[in-house]
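Enquirer: According to the working numbering, the sequence shown is numbered sequentially starting from 126.
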Amino acid sequence: MIGSATKKIVRILGCNPGLTTGSGTNTYLLAGDAPVLIDTGAGVPAYETAFRSALAECGLNRLGAVLVTHGHQDHVGGVEQIRHIFPEARVRKMPRPAAEPLRAFDPLQDGERVVANGFAIQAIFTPGHAIDHLCYYLEGERILFSGDLILGIGTTVIPVDGGDMMAYLASLRRLLELDIREIYPGHGPVIDRPREYILAIIRHREMREEQILALLKQGVRDVSTMVKRIYADAPQAVHGLAQQSVLSHLIKLEREGIVVREEEAGMSLFRVR
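(1) For the beta strand (DSSP E) containing Arg217, list its first residue and its last residue.
(2) Kindly give me the distance between the Cβ atoms of Thr152 and Leu162, rounded to whole angstroms, as I take these residues to be in contact under 8 Å.
(3) Let me know if Leu227 comes out buried or exposed under the rule of 16 or more other beta-carbons within 10 Å of its beta-carbon.
(4) Since Ala248 and Glu237 should fall inside the 8 Å C-beta cutoff, what is the C-beta to C-beta distance between them, to a whole number of angstroms?
(5) Which same chain residues end up closer than 7 Å to Ala181 when comparing Cβ atoms and leaving out the 5 residues on each side of it in sequence?
(6) For Val345, count neighbouring C-beta atoms within 10 Å of its own C-beta (all shown protein chains included) and say buried if the count is 16 or more, exposed if not.
(7) Compare the beta carbon distance of Gly147 and Gly203 with 8 Å and say whether it is the shorter of the two.
(8) According to DSSP, simplified to helix, strand and coil, what is Ala416?
(9) Count the other C-beta atoms from every protein chain shown that fall within 10 angstroms of the C-beta of Ser296, then say buried if there are 16 or more, exposed otherwise.
(10) With the cut-off set at 8 Å, would you say Val384 and Val363 are in Cβ contact?
(11) For Glu381, which residues of its own chain have a beta-carbon under 6 Å away from its beta-carbon, when the five flanking residues on both sides are left out?
(12) Is Glu389 helix, strand or coil when you go by DSSP?
(13) Output needed for Gly265: all residues of its chain with C-beta closer than 7 Å, excluding positions within five of it in sequence on either side, in chain order.
(14) For Ala190, does the three-state DSSP call read helix, strand or coil?
(15) Is the beta carbon of Val240 sitting closer than 8 Å to the one on Gln369?
(16) Closest to Asp317 by CA distance: which of Lys218, Gly277 and Arg333 is it?
(17) If you draw a straight line from the alpha carbon of Arg306 to that of Gly143, how long is it in whole angstroms?
(18) At which residues does the beta strand (DSSP E) containing Phe270 begin and terminate?
(19) Around the Cβ of His374, are there at least 16 other Cβ atoms within 10 angstroms (buried) or fewer (exposed)?
(20) If you draw a straight line from the C-alpha of Leu301 to the C-alpha of Asn242, how long is it?
(21) By alpha-carbon positions, which one of Phe211, Leu233, Leu324 and Glu205 ends up nearest to Lys218?
(22) Please report how far the alpha carbon of Ile275 lies from the alpha carbon of Ile326, in whole angstroms.
(23) From Leu188 to Asp273, what distance separates their C-alpha atoms?
See below:
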């Protein structure tokens, strides 16, 4: 159990450990008369057992709402499990209709507030990792549920499909405007020095961009070689994920007019303008 002295917040791991999920997806149960669940894990059978155990520990027999941070499988995959247990619970997220034809969600937009158990939870649109990403700000407690925008371990992958490096950095800077005491991330431990942590992420991304530009100026033009150079000390298993983020950096630089993309033999090559 984690949380403040005045509010009960229970972390339930998604039972889906792996390369991209660490020890598993964090889902959070905000206990009370109308409990709220933030994210649902990947939908693995063991999660339902863990979820039911958390309910029993808190003496709960209902669920008021589910708030989803974004539509990636490791965060939304357990929705049907939760609906099976609590069919009356509202499942809310930022709409992404083209990608979600089979699931019904109650739409939740930027700035909307969900009030339950004395909680006031504000939805904050934070694209970058995903086009439909929301963070949830527990106003009275100054707690941010950051989904995959900010991780407690490792760095967020910015995928080419649905990701946007420019939007990601803008979302991080937007969060700096909030009075945040703690960050409860989608993966990894609670972050208790939020401003310092967010600034460090921004600096890390700026450093990566400088490395990419330096390689371009040395004549390195393809993403694969850039990844091998920049991530030379990282395990080979992460290189595929790193390619996504490096390419997202290059797309950002292309949009800013700093680099030019050229297609040769079916391969995207980049150079400084």
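C-beta atoms are modelled at their ideal positions from N, C-alpha and C, and glycine is treated no differently.
Expert: Answer, in terms of the structure:
(1) Arg215 to Lys218
(2) 6 Å
(3) For Leu227, the predicted model reports a pLDDT of 48, less than 50, meaning its position is unreliable; a value from the coordinates is still stated below. Per the 10 Å Cβ criterion, exposed.
(4) 5 Å
(5) none
(6) buried
(7) no
(8) Since the first residue shown for the chain is 126 and the last is 398, residue 416 is missing from the structure and cannot be characterised.
(9) buried
(10) no
(11) none
(12) strand
(13) Ala245
(14) strand
(15) no
(16) Gly277
(17) 29 Å
(18) Ile268 to Gly272
(19) buried
(20) 27 Å
(21) Leu233
(22) 8 Å
(23) 24 Å
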